[in-house]
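Read the structure below first, then the notes.
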Amino acid sequence: YFQKVGCKNNSFRRRCKLCAPKYHELMAFKTSPSNLKKHIEVEEDSDADLLQSDSPTSPVPTPICPCTLQDTFSYSSPMEKVCSSPGSRGGLTSVLRSPGPAPKRRKKMDDLLLKRLDRIEHDKAVLNDTEDIRFGRVVADLLGKIPSEKKMSVQFKIFQLLFEAIESNNSQ
């Protein structure tokens, strides 16, 4: 239902064919509903012909959606129009993406990224596996085995020993 009106910096103004004024026809919003329905059916056939004859290598289909006044007179790229239309979900966006690197190059990049991710995860595991952290895990595991009535006094004694060690280290 949209047609190219003018080109400017690799974008074009799109105008809804139904809303576009034609000298020999009434404007679409002034026609009766039955005439509008007939107009839409005719336009669907002509749109398919235009798509095939206009650019056979172009994978970008024209979106079928109701247009607004803003759509009729705004400048935008074809990517924005098709991606933002309500009927274009799923398959159209994958066709519209710009082609990425060649498959071999993409696989090499993926392999490099996976190796980098593995290295980061390994470094993170090494940092989280210090002697102090392992000791803390053992203490937490042992505290879980102590009955809840005695747990508070055991925690207090552990804290007391740690603070005494810190105080004796600071006083020297």
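Note that full-length UniProt numbering gives residue 3 to position 3 of the sequence shown, counting from 1, and the numbers run on in steps of one.
Where a beta carbon is used, it is the ideal one built from N, C-alpha and C, also for glycine.
The structure displayed is predicted, hence computed values, not measured ones.
- Separation of the CB atoms of residue 143 and residue 155 is rounded to 7 angstroms, and the pair is thereby assigned contact status at 8 angstroms.
- Boundaries of the alpha helix (DSSP H) harbouring residue 166: 148-171, taken from the DSSP string.
- Boundaries of the alpha helix (DSSP H) around residue 110: 103-127.
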